[in-house]
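In this text, residue positions in the sequence shown follow this note's numbering: the first is 254, and each later residue adds one.
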Amino acid sequence: MSDKIQDIDFEMDEAVCICSGTTKRRIIELIIEGHDLDNVSRKTGAYSGCGACEYDLEVLFKIHRA
Ligand code: FES
254 MSDKIQDIDF EMDEAVCICS GTTKRRIIEL IIEGHDLDNV SRKTGAYSGC
304 GACEYDLEVL FKIHRA
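Here it is, written out as structure tokens:
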């Protein structure tokens, strides 16, 4: 596995929401399944604490929503 692929894979397992520990991979999976922010928050606990993840969630929705 190249270093670049390993870096991307590692990034996918980073927590987007520190409060809930929800990873970028999990958020993207739910967006692709068609869940809106409320559903993602209910299912993972993301964006239900301090709110610092709001911008990152908005960006992921803009990139991955069909
Ligand atoms: S970092 Fe997501 S609610 Fe605090």
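Using N, Cα and C, we set each Cβ at its ideal position, and we do this for glycine too.
Self-check item: Unbroken alpha helix (DSSP H) run spanning Cys317, endpoints
Solution: Note on residue identity: the sequence assigns His, not Cys, to residue 317. Its alpha helix (DSSP H) spans residues Glu307 to His317.
Exercise. Following the continuous beta strand (DSSP E) through Ala268, name the residue where it begins and the one where it ends.
Key: Ala268 to Cys270
Quiz item: Is the beta carbon of Val269 less than 8 Å from the beta carbon of Leu283?
Solution: no
Quiz prompt | Burial state of Tyr300 (16 or more Cβ within 10 Å) | solution = buried
Quiz item: Does any C-beta atom of chain B lie closer than 8 Å to the C-beta of Leu310?
Solution: Looking for chain B here will not work: only one protein chain is present.
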